[in-house]
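Chemist: Protein chains in written order, with the numbering used here: chain H, 1 to 201; chain P, 1001 to 1201. Note that the Cβ used here is the ideal one computed from N, Cα and C, for glycine as well. Provided herewith is a single structure, encoded as structure tokens, for subsequent inquiry.
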DNA sequence: ACGAGACTAACACAGCTGTGCTAAAAAGGA
DNA sequence: TCCTTTTTAGCACAGCTGTGTTAGTCTCGT
């Protein structure tokens, strides 16, 4: 039988090369050939795994969300509801090199997906991730409410949207001005926001 | 003497053609020739006003921030401090077609500017606008504080950062999912956030 | 060993890319 | 009218683009 190569792993390897190209030179530089060179293969090899470029872009974008989802799924919900909430939300924030890389790439794809035409499946990916994060915010707040930790005059749905917007805004700031908006500062702001939602003990 | 053409106006006209191309097909499609076609001129004409492509991109990005700045400068600060604050902050949000177009383009440029190399002046533009919006947030909160409308246990600097992040997050949501995050909803969330900062009357 | 099937590299092709260059058209004061 | 300066269009060039195709290499169960 044939040479055995982990197809899925290879595709991820190529997608990660695409990430590096996008981070270094922007999405405009993400051609089949530059990606192949970055991955250390010939262009033909890349095209064996991804027949066309759109498929590669789509896969690479999907990989970002899968990585985040995997990390979120791996979280052990221990500690107080607040601690848990913080831990979950932090996973969506670019607070270390790995997550900053993911976020930069995600931002490039998001901008591309905003283009009306030719966006194909990119638009759907954005919506899915967006909805997922909102759901997460709502779930976390509900958990807090069930613990009685939340103020009882809150509209949870509204607070979920506000929290969601804050998280996305913080992510943007952490990515764009990491010096001014340090990881510690982001955590501090997020914790502070949650505290404003808490009932007085 | 020569044919007289408003040089500045022509440059803006070309930059707006670039905006349309970026919105329609993404920044990857923004070549000199596509932009010229969109503007209705030859590529040579475009290159007369912008000798190289980087200059065009940079100018087009700068134009976005200038447009926003002009609108902000034109605001008449009437009404309560809260009303004023809302009016200013709304100007940075993509709540109508014009501002949504600007934001989409801005997002594409921001993603491109994140690329480490070749970003040239784009990075500086992002920083400038970012700092400007933060300053605005801080000024507005200070104005509220001087009116005695703000709770007195607040750390204004921290609240400015939180407000800034919320505004950017809301802008993103309004741009990405305009159906779910309607202009009315965005205004509502922003007003609600400000209310949580207000002293009880 | 051998050959079926998975994998790789290389070339071809038409079309687009940014930029340099040149010739011509337009315009209005002299 | 003519002439200077600005403005415009077009071509040329080398290089890159996505994709189709083809010939080859490698691996491993039999």
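For residue 38(H), which option in 20(H), 149(H) and 54(H) has the closest C-alpha, if you only look at C-alpha atoms?
Modeler: Ranking 20(H), 149(H) and 54(H) by Cα distance to residue 38(H) puts 20(H) first.
Chemist: Can you give the beta carbon distance from residue 169(H) to residue 1165(P), rounded, assuming they're within the 8 Å contact cut?
Modeler: The pair is a contact, with the Cβ atoms about 3 Å apart (cut-off 8 Å).
Chemist: Between residue 1168(P) and the ligand SAH, is the CB less than 7 Å from at least one heavy atom?
Modeler: For the structure depicted, the ligand SAH is absent and the ligand set is empty, with no information on it obtainable.
Chemist: Along chain H, in chain order, which residues have C-beta atoms closer than 8 Å to that of residue 1110(P)?
Modeler: Going along chain H in sequence order, the residues near residue 1110(P) (Cβ under 8 Å) are 107, 111 and 176.
Chemist: Under a three-way DSSP split, which group does residue 1150(P) fall into?
Modeler: Reduced to three states, the DSSP call for residue 1150(P) is strand.
Chemist: Compute the distance between the beta-carbons of residue 1043(P) and residue 1032(P), then report whether it is under 8 Å.
Modeler: Yes, Cβ-Cβ distance for residue 1043(P) and residue 1032(P) is below 8 Å.
Chemist: Could you work out which residues of chain H lie near residue 1104(P), taking near to mean beta carbons separated by less than 7 Å?
Modeler: What residue 1104(P) touches in chain H: 114.
Chemist: Taking the straight line between their C-alpha atoms, what separation do you get for residue 126(H) and residue 173(H)?
Modeler: Residue 126(H) and residue 173(H): Cα-Cα distance of roughly 19 Å.
Chemist: Can a CB atom of chain P be found closer than 8 Å to the CB of residue 127(H)?
Modeler: Closer than 8 Å: yes.
Chemist: Which residues bound the alpha helix (DSSP H) around residue 1178(P)?
Modeler: That residue, residue 1178(P), is in no alpha helix (DSSP H); it is neither H nor E in DSSP.
Chemist: Judging by CA-CA distance, which residue of 171(H), 135(H) and 149(H) is the nearest neighbour of residue 158(H)?
Modeler: It is 135(H).
Chemist: State the CB to CB distance for the pair residue 103(H) and residue 29(H), rounded to an integer number of angstroms; the pair is presumed to be in contact (CB under 8 Å).
Modeler: 19 Å between Cβ atoms; not a contact.
Chemist: As a quick exercise: from 48(H), 8(H), 79(H) and 99(H), pick the residue whose alpha carbon is nearest that of residue 69(H).
Modeler: When each option's Cα is compared against that of residue 69(H), the closest is 99(H).
Chemist: In whole angstroms, what separates the C-alpha of residue 186(H) from that of residue 1026(P)?
Modeler: So the two alpha carbons sit approximately 31 Å from each other.
Chemist: Let me know the alpha helix (DSSP H) ranges lying completely inside the stretch 87–169 of chain H, each 4 residues or longer, listed in chain order.
Modeler: Fully enclosed alpha helix (DSSP H) runs of 4 or longer: 97–113 and 122–146.
Chemist: Please compile the residues from chain H whose C-beta is within a distance smaller than 7 Å of the C-beta of residue 1196(P).
Modeler: Near residue 1196(P) (Cβ distances below 7 Å), the residues of chain H are 196.
Chemist: Are the beta-carbon atoms of residue 86(H) and residue 154(H) separated by less than 8 Å?
Modeler: Contact: no.
Chemist: Does any C-beta atom of chain P lie closer than 8 Å to the C-beta of residue 161(H)?
Modeler: It does; some Cβ of chain P falls within 8 Å.
Chemist: Can you tell me which residues form a DSSP beta bridge with residue 1061(P)?
Modeler: DSSP lists no partner for residue 1061(P).
Chemist: Quick one: what's got a C-beta closer than 6 Å to residue 110(H)'s C-beta in the same chain, skipping five residues either side?
Modeler: Excluding positions up to five away in sequence, the list reads 126.
Chemist: What's the gap between the Cα of residue 1003(P) and the Cα of residue 1010(P)?
Modeler: About 14 Å.
Chemist: Using a Cβ-Cβ cut-off of 8 Å, state whether residue 46(H) counts as contacting chain P.
Modeler: Output row for residue 46(H): interface = no.
Chemist: Since residue 157(H) meets chain P, which of its residues come closer than 7 Å, beta carbon to beta carbon?
Modeler: Going along chain P, no residue has its Cβ under 7 Å from residue 157(H), so there is no contact; the nearest lies around 11 Å.
Chemist: Tell me the residue span of the alpha helix (DSSP H) that contains residue 20(H).
Modeler: Counting along the chain, the alpha helix (DSSP H) containing residue 20(H) begins and ends at 7–25.
Chemist: Count the other CB atoms within 10 Å of the CB of residue 1083(P); is the residue buried (16 or more) or exposed (fewer)?
Modeler: Its Cβ having fewer than 16 others within 10 Å, residue 1083(P) is exposed.
Chemist: Comparing the C-beta of residue 25(H) with each C-beta of chain P, is any distance below 8 Å?
Modeler: Closer than 8 Å: yes.
Chemist: Does the separation of the CB atoms of residue 1141(P) and residue 1156(P) fall below 8 Å?
Modeler: Going by C-beta atoms, residue 1141(P) is nearer than 8 Å to residue 1156(P).
Chemist: Can you check whether the CB of residue 58(H) is closer than 8 Å to the CB of residue 144(H)?
Modeler: It is not a contact, given that the beta carbons lie outside the stated cut-off.
Chemist: Which residues, in chain order, does the stretch 7–23 of chain H contribute to contact with chain P at a C-beta distance below 7 Å?
Modeler: Answer set for the stretch 7–23 of chain H: 23.
Chemist: Between the stretch 28–57 of chain H and chain P, which residues of the former have CB atoms less than 7 Å from a CB of the latter, in chain order?
Modeler: Residues passing the 7 Å Cβ filter: 28.
Chemist: Just tell me which of 13(H), 147(H) and 53(H) has its CA closest to the CA of residue 79(H).
Modeler: Answer by Cα proximity: 147(H).
Chemist: Any idea if residue 8(H) is buried or exposed, counting beta-carbon neighbours within 10 angstroms, 16 or more meaning buried?
Modeler: Result: exposed.
Chemist: Does the distance from the C-beta atom of residue 1137(P) to that of residue 1095(P) stay below 8 Å?
Modeler: Cβ atoms of residue 1137(P) and residue 1095(P): not closer than 8 Å.
Chemist: Shortest alpha-carbon distance to residue 48(H) belongs to which of 24(H), 14(H) and 34(H)?
Modeler: Checking every option, the nearest Cα to that of residue 48(H) belongs to 14(H).
Chemist: At the 8 Å Cβ level, is residue 1189(P) part of the contact set with chain H, yes or no?
Modeler: So yes, residue 1189(P) belongs to the interface.
Chemist: Since residue 1114(P) and residue 160(H) should fall inside the 8 Å C-beta cutoff, what is the C-beta to C-beta distance between them, to a whole number of angstroms?
Modeler: About 28 Å separates the two Cβ atoms, so there is no contact after all.
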